[in-house]
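Reviewing the structure listed below.
Numbering (our numbering), first residue to last: 448 to 1049.
Below, the structure written as structure tokens:
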């Protein structure tokens, strides 16, 4: 598989470079050219008038624009090493205000957007040492310039262009800061999107520089696109899909609307399948499968409207469209690109939205995931999601083999997800060191002991180990997946294979087939739960939540000791975890012996 992906990557890299050279830059479209192109206001207004959920989104945008009219401009203020909060707020304000002006022609919004654009243009820098800050600020200035082009004065335009060139383009010359060019994660998508938007917006003024920036970014952008192969999974999980893929969509759409082509980027293996991955990553309860550095709160993702349009597949919108008009729904990335939603919605028929047809989703690649969803209409539908992968992946935890499980409308097996980075960095935690002995794995939410997986001899997972999905079961009687975790435990076990299966009664059966290593080992089976728990007997724990009950039962030829552990962490830098417990058991695996542990949630 790796050899095949490398061959695809090399071939696509060559074609991208060739294609980039063949762009007809002389036919670049007129301003506004970035997504919300000239004359689109009428179709957007028609969609707003015709569909109440989109009207609610429009009203949310306008309310924020109105609120911003009364607020002071952003100012340069870092939090630790980041200016990112300021860049993101500037992007949100400028896009919302420029959209409001385009839709109403009320110059109050244009004047207020200009104040924001001048403020950020006069910053001492856009903090290129943390280039995400620069990338998002570049996109903010590019969109503001492009969408307000006919209204801005030549002097204002020149100031913005000079800021973009000196604070973004010139900053890429520092290879230590611009490491994202060689990165394969969300940084690449975000930073390159910002640079491409800047180049497209100011193309007439600096054509040679803009062309160089565009083509370097296109070539670089192949790296994160490889991570979607072979079938659309996203290594960094739910929240970072909302970040990285939204900006990847923006990058592609900006090229298409300005130059008529994306240089084949969207043809990268797996990319056009990734919307389906995201759709299945939310359980019937509304809680996401929040493995790695992700949040659990359900989001509405603007990028899903792009995938639905591109694929002409209205089932892509079944989950997201149902919640767009909720006053409490969170949109990805703090709504700063929310203005794209009514624009993309206006280009498709929203009356044909229907539920997906398959209850299963499986993605292999860097972070393999299998999902079974019992239905799409009820919060009480059964839901199983389980992952393999490696702790070496971007933003990963030591959680290979972890799973979440819902039944009766309750998420019985949960994941804590991320802890705020600054809360750890500010206390000196070496958070971004992924080595086996790194302090990162001492953080309670990052190590294997607080995930729904196995721990052997109380030790860490092998940071280089990889959990591979080796089988899937996608029938009415068998619904689940098998994951080979052998390399994750290779220091203590000769073999470790976990199978998660939902039976006909919607019970979850976890089967762990283990073979001991050179010495006897103690295996801990643990699961994090928000339920109350009590040990009923020597192989059963009773879970109670929201008036519902579930039994955790263990079958094993060896003696097991049922356990209920606190989730109170050991360090002052850890986040508290109120209302949760860890439940499970401990047992011994003898040297070179085979053992099968069967755990049932029923």
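We put the CB at the ideal spot given by N, CA and C, even for glycine.
Identify the continuous alpha helix (DSSP H) that holds residue 790 and give its terminal residues. Your numbering for residue 790 matches position 343 in the chain shown. Here the alpha helix (DSSP H) through residue 790 covers 787-792.
Name the one or two DSSP bridge partners that residue 852 has. Numbered from 1 along the chain shown, position 405 holds the residue referred to as residue 852. Partner(s): 831 and 860.
Tell me the rounded alpha-carbon separation between residue 471 and residue 706. As a position in the chain shown, residue 471 is number 24, starting the count at 1. As a position in the chain shown, residue 706 is number 259, starting the count at 1. For residue 471 and residue 706, the distance between alpha carbons rounds to 7 angstroms.
Could you check where the alpha helix (DSSP H) with residue 687 kicks off and where it finishes? For this step, residue 687 is matched to residue 240 along the chain shown. First-last of the alpha helix (DSSP H) with residue 687: 684-687.
Let me check one thing: in DSSP terms, what residues is residue 972 bridge-paired to? As a first step, residue 972 is located in the chain shown; it is residue number 525 there, counting from the start. Per DSSP, 901 and 1032.
Does the Cβ-Cβ distance between residue 686 and residue 748 come in under 8 angstroms? In the chain shown, counting from the first residue as 1, residue 686 sits at position 239. In the chain shown, counting from the first residue as 1, residue 748 sits at position 301. For residue 686 and residue 748, no; Cβs fall outside 8 angstroms.
What's the C-alpha gap between residue 572 and residue 524? To locate residue 572, count along the chain shown from 1; it is residue 125. To locate residue 524, count along the chain shown from 1; it is residue 77. C-alpha separation (whole angstroms): 11 angstroms.
At a cut of 8 angstroms, does the region 833-849 reach the region 906-926 through at least three beta carbon pairs? yes
By Cβ distance below 6 angstroms, which residues in the same chain neighbour residue 1041 in space, the five residues on each side in sequence not counted? Here residue 1041 refers to the residue found at position 594 when the chain shown is read from its first residue. Answer for residue 1041: 962, listed in chain order.
Identify whether residue 847 lies in helix, strand or coil by the three-state DSSP scheme. As a working note, residue 847 is residue 400 in the chain shown. DSSP places residue 847 in coil when its eight states are reduced to three.
With H, G and I counted as helix, E and B as strand and the rest as coil, what does DSSP make of residue 452? Working through the chain shown from its first residue, we reach residue 452 at position 5. Low per-residue confidence applies at residue 452: pLDDT is 43, beneath 50, and the placement is therefore not dependable enough to give any value.
Residues bridged to residue 506 (per DSSP): Here residue 506 corresponds to residue number 59 of the chain shown, with the count starting at 1. Answer by DSSP bridge pairing: none, since residue 506 is not bridged.
Taking all protein chains shown into account, do 16 or more other C-beta atoms lie within 10 angstroms of the C-beta of residue 1034, making it buried, or fewer, making it exposed? To locate residue 1034, count along the chain shown from 1; it is residue 587. Classification of residue 1034: buried, given that the 10 Å Cβ count is 16 or more.
Over the uninterrupted alpha helix (DSSP H) stretch that includes residue 487, give me the two end residues. The residue you call residue 487 lines up with position 40 of the chain shown. Looking at the DSSP string, residue 487 is not in any alpha helix (DSSP H), and its letter there is neither H nor E.
In the DSSP assignment, what residue or residues form a beta bridge with residue 735? Along the chain shown, one-based indexing puts residue 735 at 288. According to DSSP, which records beta bridges pairwise, residue 735 is partnered with 729.
Suppose you measure from the CA of residue 482 to the CA of residue 520; what does that come to, to the nearest Å? Position 35 of the chain shown, counting from 1, holds the residue named residue 482. Position 73 of the chain shown, counting from 1, holds the residue named residue 520. Rounded to the nearest angstrom, the two C-alpha atoms are 25 angstroms apart.
How big is the Cα-Cα spacing for residue 996 and residue 947? Working through the chain shown from its first residue, we reach residue 996 at position 549. Working through the chain shown from its first residue, we reach residue 947 at position 500. Distance between the alpha carbons of residue 996 and residue 947 is about 20 angstroms.
Looking at C-alpha atoms only, which residue of 1016, 576 and 562 is the closest neighbour of residue 588? Start at 1 with the first residue of the chain shown, and residue 588 comes out as number 141. Comparing Cα-Cα distances from residue 588 to each of 1016, 576 and 562, the minimum goes to 562.
Is it the case that the Cβ atoms of residue 1038 and residue 966 are separated by a distance below 8 angstroms? Here the question's residue 1038 lines up with position 591 in the chain shown. Here the question's residue 966 lines up with position 519 in the chain shown. Result yes, Cβ atoms of residue 1038 and residue 966 sit closer than 8 angstroms.
Report the three-state DSSP secondary structure of residue 1026 (helix, strand or coil). Stepping through the chain shown from its first residue, residue 1026 is reached at position 579. Correct three-state label for residue 1026: coil.
For residue 454, is the classification buried or exposed, using 16 other Cβ atoms within 10 angstroms of its Cβ as the cut-off for buried? Position 7 of the chain shown holds residue 454. Low confidence applies to residue 454: its pLDDT is 45, below 50, so where it sits in the model is not reliable, and the reading given next is rough at best. Burial call: exposed.
Please report the distance separating the alpha-carbon of residue 642 from that of residue 635. In the chain shown, the residue the question calls residue 642 occupies position 195. In the chain shown, the residue the question calls residue 635 occupies position 188. Their backbone Cα atoms lie some 11 angstroms apart in a straight line.
On the criterion of 16 or more Cβ atoms from any shown chain inside 10 Å, does residue 594 qualify as buried, or is it exposed? Walking along the chain shown from the start, residue 594 turns up at place 147. With 16 or more Cβ atoms within 10 Å of its Cβ, residue 594 is classed as buried.
So, for residue 531: in the same chain, excluding its five sequence neighbours on each side, which residues have a beta-carbon less than 6 angstroms away from its beta-carbon? The residue given as residue 531 occupies position 84 in the chain shown. Correct list, in chain order: 579 and 580.
Spell out a yes or no on whether the region 886-896 and the region 917-934 are touching, meaning 3 or more CB-CB pairs, one atom from each, closer than 8 angstroms. no
To the nearest angstrom, how far is the alpha carbon of residue 688 from that of residue 549? As a first step, residue 688 is located in the chain shown; it is residue number 241 there, counting from the start. As a first step, residue 549 is located in the chain shown; it is residue number 102 there, counting from the start. One C-alpha to the other measures close to 29 angstroms.
Separation of residue 528 from residue 974, as counted between CA atoms: For the purposes of this step, residue 974 is taken as the residue at position 527 of the chain shown. For the purposes of this step, residue 528 is taken as the residue at position 81 of the chain shown. Spanning the two alpha carbons is a distance of roughly 35 angstroms.
Below 8 angstroms CB to CB, which residues in the same chain sit around residue 771 once its five sequence neighbours on both sides are set aside? The residue labelled residue 771 in the question sits at position 324 within the chain shown. Correct list, in chain order: 500, 501, 503, 504, 747 and 788.
Going along the chain, which unbroken runs of the alpha helix (DSSP H) with 4 or more residues stay wholly within the region 755-811? 765-768 and 787-792
Considering only DSSP beta bridges, list what residue 944 is partnered with. Counting from 1 along the chain shown, the entry for residue 944 is found at position 497. For residue 944, which the question treats as bridged, DSSP gives the partners 931 and 960.
So, is residue 888 buried or exposed, given that buried needs 16 or more other C-beta atoms within 10 angstroms? Counting from 1 along the chain shown, the entry for residue 888 is found at position 441. Result: buried.
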